[in-house]
Amino acid sequence: MTKRLPFVLNASVLITLLAASSAPTPLYPVYQDRWELSALSVTVVFSAYTLALLAALLTTGGLSDHVGRRPVLVAALALEAASMAAFASADGAGTLIAARVLQGLATGAAASAAGAALVDLDEPGRRGRSALTNSIAPPAGMAAGVLAATVLIRHAPGPTVTVYLALMLVFLGQAVAVALSPETAHPHAGAWRSLRPRIAVAPVARRALVISGGGVVAVWALGGFYSSLGPAFVRLVAPNAPQAAGGLVFFTLSLSAALTVWATRGLRPVTATLLGCSAVPVAVALSLTGMHLVSLPAVFTAALLAGAAFGAVSQGSLRMVLAAVPQPDRGTTLAAYHVLCYVAMSVPAVAAGLLTELYGLRTAAHLYAVLVAVLATAALLTLVAAVRVRRHSPAPCPWPIGQCHPPSTGGWSVGPVLSDLQDPCSARVPGRTDP
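Residue numbering for the sequence shown follows the working numbering, beginning at 657 and increasing consecutively.
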């Protein structure tokens, strides 16, 4: 019981942060009409958030391992509240970009600290709960943010202000709650050194990140397209559709992703990742079909399938990566994982915005679909090859990829990893006979 409330609090922080990150998505058409923004401008606004988030991850990603989760979270939530105030007062593209930068810095600092706190609070009898929560919180939060903003656009006065003021109050309340909660980490020296920009992955997690990384890139790139250009894509397919449809297509993707994370939680991590990668080419093909047939139902079905792929790959890959990471390395490993995710989300989105300006959204959508499908197919082949190698190894590991110790206790430990791509389970444990 003592861990339940802090666990729920840190999960709510992740959900609210991602809700705030997606809240502008259905508002982009409003901003475009009000300030005459181009498609490239929209993707720049979108990517300002992700680039600032990356900068925060590279510098503060491991800070909570040294100073504690609580001070990092309190400061980040206060900064997030300030970014909401900046959104509410935005009067053009410049102030919108500034607000997104503040939001990215706050989210980057908080994401690793809150995610690592969830791992700290994991209970021996409920292994995997933290990885599941870290996987389900982003899509659930993004779905909630898009839905709230979409509803407010239709029913509330001043939708570009109301949603941000409500979120600001939530963040301030969470900052107070975190300040009063117990510390979950064990602070140690090296805080200033940890601020040097770097990407560090715990050795036991490197192989899992390498073999699942292609799938992660594919699904986050697909999410970036729907988040930034999804409303414009809906306008292209159905110009007379209600304005809310633009935001609801990303809501469909996010909700589908969250439900898929929950539905596939009992699958082995590698199985979930394989299923997700297999769904990506089908999703992008269906999306293009909807564009050519001028079929909005096909576009929404594609978003549903894309969300399922996002959820399966996200939860499977994260479970693979986090399975054996020790407490001192959790913040930095999560930060490195998030760096990969947000680079994959932002860089292709900006490229799509540029292609849209040069050749039109129709051509950009075709090129984007081909890129994502190729990435997902390459990831699928890599995962299949890794599973085959493991099956034919002389001492196969009885646990899922990335889990190099038995789920029960017994004093066993994992031997040193001999190389980044070697199966860590092939490193023999003294005194142990592999089944």
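Where is the CB? At the ideal position from N, CA and C, for every residue including glycine.
Minimum length 4: unbroken alpha helix (DSSP H) runs contained in the stretch 881–907: none
9 angstroms Cβ cutoff met for T763 and L696: no
Please report the Cβ distance between A992 and I855, rounded to the nearest whole angstrom; I am assuming they are in contact, meaning their Cβ atoms lie under 8 angstroms. 5 angstroms
In chain order, what are the residue ranges of uninterrupted beta strand (DSSP E) at least 3 long that sit wholly in the stretch 665–748? none
Could you check if A1029 is buried or exposed, using at least 16 other CB atoms within 10 Å of its CB as the buried criterion? buried
One question on the structure: do R954 and S943 come within less than 9 angstroms of each other, judged by their Cβ atoms? The sequence shown places Ala at residue 954, rather than the Arg named in the question. In this structure, S943 lies closer than 9 angstroms to A954 by Cβ.
Report the three-state DSSP secondary structure of I855 (helix, strand or coil). coil
Quick check: what's the CA-CA separation for T715 versus A847? 11 angstroms
Nearest residue (CA-CA) to S677, options V686, F663, A704, L878: A704
Identify, in the order they occur along the chain, each residue of the same chain with its Cβ nearer than 7 angstroms to the Cβ of F956, setting aside the five sequence neighbours on each side. V905, T908
Looking at the structure shown, is G1016 part of a helix, part of a strand, or coil, going by DSSP? coil
Can you tell me the Cα-Cα spacing of W691 and G748, whole angstroms? 6 angstroms
S837, DSSP secondary structure in three states: coil
Would you call the stretch 792–811 in contact with the stretch 1005–1014, where contact means no fewer than 3 C-beta pairs closer than 8 angstroms? no
By DSSP, does R924 sit in helix, in strand, or in coil? coil
Given 8 angstroms as the limit, is there contact between the stretch 821–841 and the stretch 660–672, that is, 3 or more CB pairs closer than that? yes
Under 9 angstroms between C-beta atoms, does L1036 make it to chain C? In the displayed structure, chain C is absent; only one protein chain is listed.
Give the single residue among R975, T706, A858 whose Cα lies nearest to the Cα of A767. T706
Whole-angstrom distance between L710 and V999, CA atom to CA atom: 8 angstroms
So, V857 versus L851, is the Cβ gap smaller than 9 angstroms? no
Once the 5 residues before and after G903 are set aside, which same chain residues still bring their CB inside 7 angstroms of it? T681, P682, V802, A805, T806, P887
State the Cα-Cα distance for the pair G771 and V686, rounded to the nearest angstrom. 33 angstroms
With a cut-off of 8 angstroms on the beta carbons, I'd call N790 and L974 a contact; round off their distance for me. 6 angstroms
Once the 5 residues before and after R725 are set aside, which same chain residues still bring their CB inside 6 angstroms of it? A769, A773, T840, A841
Would G946 be called buried (16 or more neighbouring beta carbons within 10 Å of its own) or exposed? buried
Ends of the alpha helix (DSSP H) at P953? 952–978
Does the beta-carbon of P838 have 16 or more other beta-carbons within 10 angstroms, so that it is buried, or is it exposed? exposed
Beta-carbon proximity list for A746, same chain, < 7 angstroms, skipping 5 on both sides: L752, A755
V1006 to L823, Cα distance in whole Å? 27 angstroms
Mapping the DSSP letters down to three states, classify L777 as helix, strand or coil. coil
When DSSP labels each residue in this structure, what does H844 get in the three-state scheme? coil
Taking 9 angstroms as the threshold (C-beta atoms), are H994 and H717 in contact? First, the residue type needs correcting, since residue 717 is Gly and not His in the sequence shown. Closer than 9 angstroms, so yes.
Based on Cα-Cα distance, which residue from A913, P937, A894, T916 lies nearest to H948? A894
Whole angstroms is fine: what's the gap from L661's alpha carbon to M976's? 26 angstroms
Identify, in the order they occur along the chain, each residue of the same chain with its Cβ nearer than 6 angstroms to the Cβ of L931, setting aside the five sequence neighbours on each side. A968
Does D985 pass the burial test, meaning 16 or more other C-beta atoms within 10 Å, or should it be called exposed? buried
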